[in-house]
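K.L.:
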Amino acid sequence: MYPVEEDGLLHPGKGGNRRRFNDAQIQSLESMFEAQTRPELRVKQQLAKNLGLQPRQVAIWFQNKRARSKSKQIEHDYRKLKMSYDALNSKLQTLKQEHESLLLQLQSLRKLTEETGDKETDEEGTSLGTEEKPNCTHQTSSPEFVLPQTNRPEAETGVLNIIDTGEGSFSSIGEKCEFETDGFFHNSCCSSQWWEF
DNA sequence: TTGTGTTTTATTGCCTCC
DNA sequence: GGAGGCAATAAAACACAA
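Heads up: the first sequence runs through residues 4 to 200, numbered per my numbering.
1) How is the alpha helix (DSSP H) around Glu-37 delimited, first residue to last?
2) For the alpha helix (DSSP H) containing Gln-57, name the first residue and the last one.
3) For Leu-106 and Gln-100, I'd like the C-alpha separation in whole angstroms.
4) Label Arg-21 either buried or exposed according to how many other C-beta atoms from any shown protein chain fall within 10 Å of its C-beta, with 16 as the threshold for buried.
5) If contacts are defined as beta-carbon pairs under 8 angstroms, then Ser-31 and Asn-53 qualify, I think. What distance do you get, rounded to the angstrom?
6) Just how far apart, CA to CA, sit Arg-41 and Gln-60?
7) Do the stretch 86–94 and the stretch 57–71 meet, that is, are 3 or more Cβ pairs less than 8 angstroms apart?
8) Are the CB atoms of Lys-68 and Phe-36 within a distance shorter than 7 angstroms?
9) Consult DSSP for Glu-43 and reduce its assignment to one of helix, strand or coil.
10) Looking only at C-alpha atoms, which of Ile-77, Leu-98, Gln-28, Val-46 sits nearest to Gly-55?
Here you go:
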């Protein structure tokens with residue numbers, strides 16, 4: 004036993020000699036903690052008697068043990084949360100890349116349709132004239148490639164709407180990819196493989 | 001050996017519950 | 001109001017690199 008004062012506590016500054024509990028004591032305390040993290044007073048008193056400790060020491064041990072256990076649990080929860088955040092974040096980066104790639108592909112497609120459209124009108128020898136400019140209400144992220152609104156397939160409008168949303172609402176892409184487009188966008192929302200020139 | 005960081009035991013002060 | 005719990009902190013004991 005260590006030198007203790009009347010209050011059952013060690014007072015190193017007053018000549019007491021604090022010691023760490025021995026292995027057997029720790030083992031008993033640990034196994035009791037596994038059974039009960041907050042044992043009753045009687046249990047703590049009995050345990051103290053068995054281990055040759057003061058009841059107050061046992062009470063303090065349980066208190067400190069609960070604090071250690073809690074901080075370990077918090078660390079564990081934090082690691083778990085961080086792992087799932089990292090996984091989600093990397094998925095987001097992949098989706099962003101795909102989004103960028105799809106944007107580029109869409110631009111190429113527009114360019115192509117504009118070029119072929121111009122050729123057709125040249126061959127016919129007609130032009131729309133200044134009064135009959137197409138209704139260009141859609142401002143996309145690449146304003147230089149604007150398609151006429153008229154006769155635009157619904158699906159394409161859907162795609163443009165997605166693009167119009169910008170980064171802030173990027174998460175909506177998953178939902179908006181649901182529509183079908185005469186087979187054009189089948190299974191395409193999360194893959195850029197559909198467009199291979 | 002010693003300086004430094006970590007762990008463990010103990011204290012203090014505040015809060016809640018009965 | 002006393003008992004017990006918790007958070008914050010002190011300080012001793014320990015581990016370990018330089």
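Note that CB positions come from ideal geometry on N, CA and C, so glycine has one too. Quick caveat, the model's predicted, so the values are computed rather than measured.
P.N.:
Taking the definition as stated:
1) That run of the alpha helix (DSSP H) goes 26–38.
2) No alpha helix (DSSP H) holds Gln-57; DSSP gives it neither H nor E.
3) Spanning the two alpha carbons is a distance of roughly 10 angstroms.
4) The residue is exposed, with fewer than 16 neighbouring Cβ atoms inside 10 Å.
5) In this structure Ser-31 touches Asn-53 by the C-beta definition: roughly 7 angstroms separates them, less than 8 angstroms.
6) Taking the straight line joining both Cα atoms gives about 14 angstroms.
7) By the Cβ test, the stretch 86–94 is not in contact with the stretch 57–71, since fewer than three Cβ pairs between them sit closer than 8 angstroms.
8) The beta carbons of Phe-36 and Lys-68 sit closer together than 7 angstroms.
9) The answer is coil: DSSP assigns Glu-43 none of H, G, I, E or B.
10) Checking every option, the nearest Cα to that of Gly-55 belongs to Gln-28.
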